[in-house]
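Novice: Residue numbers for the sequence shown follow the numbering used here, beginning at 227 and rising by one.
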Amino acid sequence: MNGQKLENMLNLALDATEEERAKSLELDVGYNPVERIWDLIVKYSGNLDRVRELGAEVVELQNEFAIVTIAETLIESLALLPEIEYIEKPKRLFFETANGRRVSCISSVQNARPFLFGKGVLVGVIDSGIAYANEDFRKEDGSTRIRVLWDQSISGNPPEHYSIGTEYTEEQINDALRQESRSEQLKIVPSIDTSGHGTAVAGIAAGNGRGSVGNVQKGVASESELVIVKLASPRKDGFPRTTELMQAIDYVVRKAREFEMPIAINISFGNTYGSHDGTSLLERFIDDISNYWKSVICIGSGNEGASAGHTSGQVQRGVDTVVQLAIQESEQTVNLQLWKQYSDVMEISLISPSGVRIGPFQEILGSQRFSIGETELLVYYGEPSPYSTNQEIYIDFLPKDTYITAGIWEIVLTPRQIVTGEFEMWLPSENVLNKGTAFLYPSERKTLTIPSTADRVISVGAYDALTFTYADFSGRGGDGKPDLVAPGVRVVAPTREGTYEAVSGTSFATPFVTGGAALLMEWGIVQGNDLYLYGEKVKAYLQRGARPLPAFTEYPNRQVGYGALCVRDSLPFF
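(1) Report the CB separation of Gly344 from Ser250 in whole angstroms; it is logged as a contact under 8 angstroms.
(2) According to DSSP, is Gln550 helix, strand or coil?
(3) Beta carbon of Arg620, beta carbon of Thr537: below 8 angstroms?
(4) How far does the alpha helix (DSSP H) with Ala532 in it reach, from first residue to last?
(5) Which word fits His387, buried or exposed, when buried means at least 16 other C-beta atoms lie within 10 angstroms of its C-beta?
(6) Which parts of the stretch 412-483 are runs of the alpha helix (DSSP H), unbroken and 4 residues or longer, counting only runs that do not cross its ends?
(7) In whole angstroms, what separates the C-alpha of Glu245 from that of Tyr613?
(8) Quick check on Val752: does DSSP put it in helix, strand or coil?
(9) Give a yes or no on whether the C-beta atoms belonging to Ile356 and Thr468 are separated by under 8 angstroms.
(10) For Pro308, count neighbouring C-beta atoms within 10 Å of its own C-beta (all shown protein chains included) and say buried if the count is 16 or more, exposed if not.
(11) Comparing C-alpha positions only, which one of Gly445, Asp546, Pro466, Glu602 sits nearest to Val739?
(12) Can you list, in chain order, the residues of its chain with a C-beta nearer than 7 angstroms to that of Leu236? Leave out the 5 residues immediately preceding and following it.
(13) To which residues does DSSP link Ile493 through a beta bridge?
(14) Which whole-angstrom value describes the C-beta separation of Gly701 and Thr673, a residue pair presumed to lie in contact below a C-beta threshold of 8 angstroms?
(15) Looking at Leu253: is its Cβ nearer than 8 angstroms to the Cβ of Arg262?
(16) Comparing alpha-carbon positions, which option in Leu551, Glu393, Leu348, Ile684 lies nearest Ala428?
(17) Would you tell me roughly how many angstroms separate the C-alpha atoms of Leu639 and Asp681, rounded to the nearest one?
(18) Can you name the start and end residues of the beta strand (DSSP E) that Phe717 belongs to?
(19) Is the Cβ-Cβ distance between Gly761 and Ser796 less than 8 angstroms?
(20) Rounded to whole angstroms, how far is the Cβ of Ala766 from the Cβ of Val686, which I believe are closer than 8 angstroms?
(21) Identify the continuous alpha helix (DSSP H) that holds Lys566 and give its terminal residues.
(22) Measure from the alpha carbon of Glu530 to the alpha carbon of each residue in Leu238, Gly731, Pro774, then state which is nearest.
(23) From what residue to what residue does the beta strand (DSSP E) around Pro610 run?
(24) Within 10 angstroms of its Cβ, does Glu279 collect 16 or more other Cβ (buried), or is it exposed?
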């Protein structure tokens, strides 16, 4: 299938066989092979009545975005509807894991005036769930600080406007907490944080430290209330998808407006698929919804900074450019995205580890298939979208049997018509690749994960608060990202068992900024000092207040943005 309203990867997925989809890391994400239906992200205008007439299930989000579940045989009919502007498939998301309060200048605004603890502000945590019985998320009387919890993985009673999961109210959670045993609690609210990731994130952003001696392990906005979403994991691999994330963001913003409270939203997920320029439907949705209410959205920059999963270069007239890709033994599948300006014309060939050359590939719309050794190749040439002048060439390495051919592969770029010659390549997240599967000459630039690349979010990197050094795993930007960094190495956070442990990653740097944003909104909106202190204004205050780190002389930069989080210096009266 070749539909210009469909993104490149969706076109390729629809062209692929069932076997090819099953072997690929990405092509089957969003597809139910039993019922042969797809979950899709749709940008539309007008109304979706005719989509429903096709028999599709529709979840309408803010600002004319929607999640549509539809039979594969009807996707072409869906794309033909004039109210449908563009369609993308879901992408898999990955956790961004690899004396923070003091170095982030938080203690100084809590131990003296203005005494900021996040009171009157919501903290929204979209993650793996929360250990709701943990003392860190309970008030002094033992009742919950959670206003509402949406567990997308438990079917039964979804929130209004949505069709998956179950919503648990503050009253239901308090009822559960009154039970004497854990098993009795779970009969009322059976939501479990199986990984502990969401509990740690929520604890850093907003835990009150009641599970620690003397409350010393408290989080940033320790008197805020919480809105929690546990993202669904519809596949056995446990990775949630962008479709669930978009619904979660929509939900927490709706709830904040319903409760008439400002909200700081934490997202510690990301992926590497896309042009990293803010033009995907996910990024555009986040930018749009950031204007909907008094909100701030904080997103981790990811942990791909040292993964060697990105490379870039500039093709020169008359000279071939060769990119080397190492694939390790026992690698089941790998995909590669090549992004370039559509105005540049270049031929693309592959050379296998045994020296067999395939190509140049034809620049034709639709999928092409090739076979080299133990590897099948799926190649798809895309077109520019209505939102971007970039062109994507997507190459999927699939095994004929169990594993693809190991060794050094070469991607050869031969210039034909060059304007800028610039190109970028990305591999999947290092979470799903064998160690050592990587570009031999990587670029650390543009290693932020999507959606931290969205324009109207606060993109957060990580640094080591003990040594005041940049964390090498932290995703680096292109232009203008990340916005700042926060402690993300050996950060102490609550566990689902009620203890505390040290964790590392931009996942755990981000909630420092989320909590800090909540403190600024408390000072501005709740205390009445600045009723417009939300959105980009919070970002501007945090950028201005950021502190320099010893290794850097120019700011902003691609490693740490404007510097390290300092809440005290971000308030205008300090």
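Here a beta-carbon is modelled for each residue, glycine too, at the ideal position from N, C-alpha and C.
Specialist: Taking the structure as given:
(1) Contact flag wrong, Cβ pair sits at about 43 angstroms.
(2) strand
(3) Rather than Arg, the amino acid found at residue 620 in this sequence is Tyr. Taking 8 angstroms as the Cβ cut-off, Tyr620 and Thr537 do not qualify as a contacting pair.
(4) It is not in any alpha helix (DSSP H) - Ala532 carries neither H nor E in the DSSP assignment.
(5) exposed
(6) 423-432
(7) 32 angstroms
(8) helix
(9) no
(10) exposed
(11) Gly445
(12) Ile313, Glu314, Lys315
(13) Ile352, Ile525
(14) 5 angstroms
(15) no
(16) Leu348
(17) 31 angstroms
(18) The amino acid at residue 717 is misidentified as Phe; the sequence shows Val. Its beta strand (DSSP E) spans residues 717-720.
(19) no
(20) So it is not a contact: roughly 15 angstroms between Cβ atoms.
(21) No alpha helix (DSSP H) holds Lys566; the beta strand (DSSP E) holding it covers 560-567.
(22) Gly731
(23) Taken as a continuous stretch (DSSP letters only), Pro610 belongs to no beta strand (DSSP E), as it is neither H nor E.
(24) exposed
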